[in-house]
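The working numbering numbers the first residue of the sequence shown as 298 and each following residue consecutively.
Beta carbons are placed, not taken as given, at the ideal position from N, Cα and C, and that holds for glycine.
Since the model is a prediction, treat every value here as computed from it, not as a measurement.
A short worksheet on the structure shown next.
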Amino acid sequence: MKKLSIAVLLSTAVISSAAFASDQGFYVGGNVGQASTNFTGLTSKTATAVSVLGGYQINKNFAVEAQYGDFGSITPNGGTSAKITEYGVSAVGMLPFSDQWTGLVKLGYANTSIATNPNTSNNSVSYGLGVQYNVNQQLGVRAGYDAYKVGGTNTNNTTATTGVASVGVVYKF
């Protein structure tokens, strides 16, 4: 009986650690979507957005992620177009609904820049919501919405915001 109990405990520990290990690891990915900038005085407010990301999943419920994004160009009334870029880091909360589906909540710190003369930038909180479908243990497909404060202020001293709706792919090592 003692040997059976030890065997059961050891096998449970091995199975549990194997399942836990699959929740950890580095990942990389990319997104494409639509960026929309909310700022008074723009004739062109939407553009195609692309981003690359890398992260480390600590456990099934938490990851840290770094991202670089190109949100396309905006055009102020009577002005020339200006490119918006972003880089930042985020804590990512993960809520698995099943083996395949996971909800995502992001909270981070981002630097956004508008390529104007002179360039303007803003450091602020970024946040987002999304969902991920895990095709297998390595490959996932994401859809989400992220929001950023963008550098610069208008005549009402209001900072611009950019929202990005996107789909993407992540690959876990």
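- Our two residues, A388 and E362, have alpha carbons roughly 6 Å apart in a direct line.
- Under the three-state reduction of DSSP, S378 is assigned to coil, being neither helix nor strand.
- Cβ neighbours of V428 within its own chain (closer than 8 Å, five residues either side excluded): W398, T399, G400, L401, R439, A440, G441.
- About 6 Å separates the beta carbon of Q354 from that of G322, a gap short enough to meet the 8 Å contact definition.
- Between the alpha carbons of D367 and L404 lies a gap of roughly 19 Å.
- With contacts defined as CB atoms closer than 8 Å, N358 and V464 fail to qualify as a contacting pair.
- In this structure, DSSP gives N358 a state outside helix and strand, which the three-state scheme calls coil.
- Taking the CA atoms as reference points, N420 sits about 10 Å from E383.
- Counting every other CB atom within 10 Å of its CB across the protein chains shown gives T409 a total of 16 or more, marking it as buried.
- Annotation: the continuous beta strand (DSSP E) that includes V428 extends over 417-431.
- Residue pairing of K469 in beta bridges, as defined by DSSP: Y324.
- Note on geometry: alpha-carbon atoms of S418 and G352 lie some 24 Å from one another.
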